[in-house]
Amino acid sequence: MSDISNDFEAPDDVSEVGSTSAEMVSPEAPSRPWYQLDLFNTLLLISFLLITLSSMLLIWHLIDRFGSITDAPWNV
Numbered sequence: 001m002s003d004i005s006n007d008f009e010a011p012d013d014v015s016e017v018g019s020t021s022a023e024m025v026s027p028e029a030p031s032r033p034w035y036q037l038d039l040f041n042t043l044l045l046i047s048f049l050l051i052t053l054s055s056m057l058l059i060w061h062l063i064d065r066f067g068s069i070t071d072a073p074w075n076v
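Residue 19 in the UniProt record's numbering is what sits at position 19 of the sequence shown, and the numbering runs on without skipping anything.
Here is the structure:
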């Protein structure tokens with residue numbers, strides 16, 4: 001069995017190990033208030049609200065029209 005030696009020595013200064021300047025570090029995302037939405041989240045919220053509203057109106061119409069959903073003509 002051969003003896004594996006580790007000849008690595010840690011440098012005294014981190015600047016010896018590649019570039020760690022501020023330009024290379026990715027900045028953190030800017031903090032925004034909870035009510036500021038980007039375009040995707042705004043469209044997602046609007047579509048969710050429209051689908052919810054239309055579903056509620058459809059159920060309300062079916063109940064108003066047939067008395068209850070179980071009295072609908074397709075439930076024979």
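We treat Cβ as the ideally placed atom computed from N, Cα and C, and that holds for glycine.
- Judged by their CB atoms, L37 and L45 are nearer to each other than the 9 Å cut-off.
- For D64, the enclosing alpha helix (DSSP H) starts and ends at 39-66.
- C-alpha of L58 to C-alpha of R65: approximately 10 Å in a straight line.
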